[in-house]
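First the structure, in the form of structure tokens, and then the observations on it.
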Amino acid sequence: MDDTLQQLMQMSDSHHKSTEATLRRMEMQLGQILQKLDDFRGNMEVTHREECQDIITRSDKVLDERKIERKGERLSEKEKDVKEEEEKEERKSEVERKEKGENVEEERKETEEVEREKKKIEKNLL
């Protein structure tokens with residue numbers, strides 16, 4: 267019985283030591299990870315567009331970024347022209363609506379005046 271108890275104590279002790287060693291290793295690894303994370307945060311730099319010169323496609327064709335930018339500028343100029351044209355059309359239709367609205371307003375006022383005159387005439391006749 268003493269031998270069994272002795273073996274149990276030894277197994278328990280070895281298991282405890284093994285667990286402590288594993289825990290220490292994990293603490294060290296966690297510390298290293300945290301340090302790398304801090305270094306990563308501290309070394310973040312903004313990449314500048316000037317540093318990127320060329321783009322290589324799958325077919326090994328090299329595209330110059332400046333050409334791509336010029337094409338983008340041309341497209342944006344076309345978009346601006348389209349927007350300006352749409353704005354002109356919108357202003358034109360707005361002016362037409364206002365003119366129609368003024369005509370409708372004038373006709374309504376004339377109709378009201380005619381109605382008033384009719385009522386006056388009817389009152390005078392009675």
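Mapped onto the working numbering, the consecutive letters of the sequence shown carry residue numbers 267 to 392. C-beta atoms are modelled at their ideal positions from N, C-alpha and C, and glycine is treated no differently.
Per the coordinates, the alpha-carbon of E352 lies some 26 Å from the alpha-carbon of N369. S325 sits in coil when the DSSP states are folded into three classes, being neither helix nor strand. The three-state secondary structure of M292, taken from DSSP, is helix.
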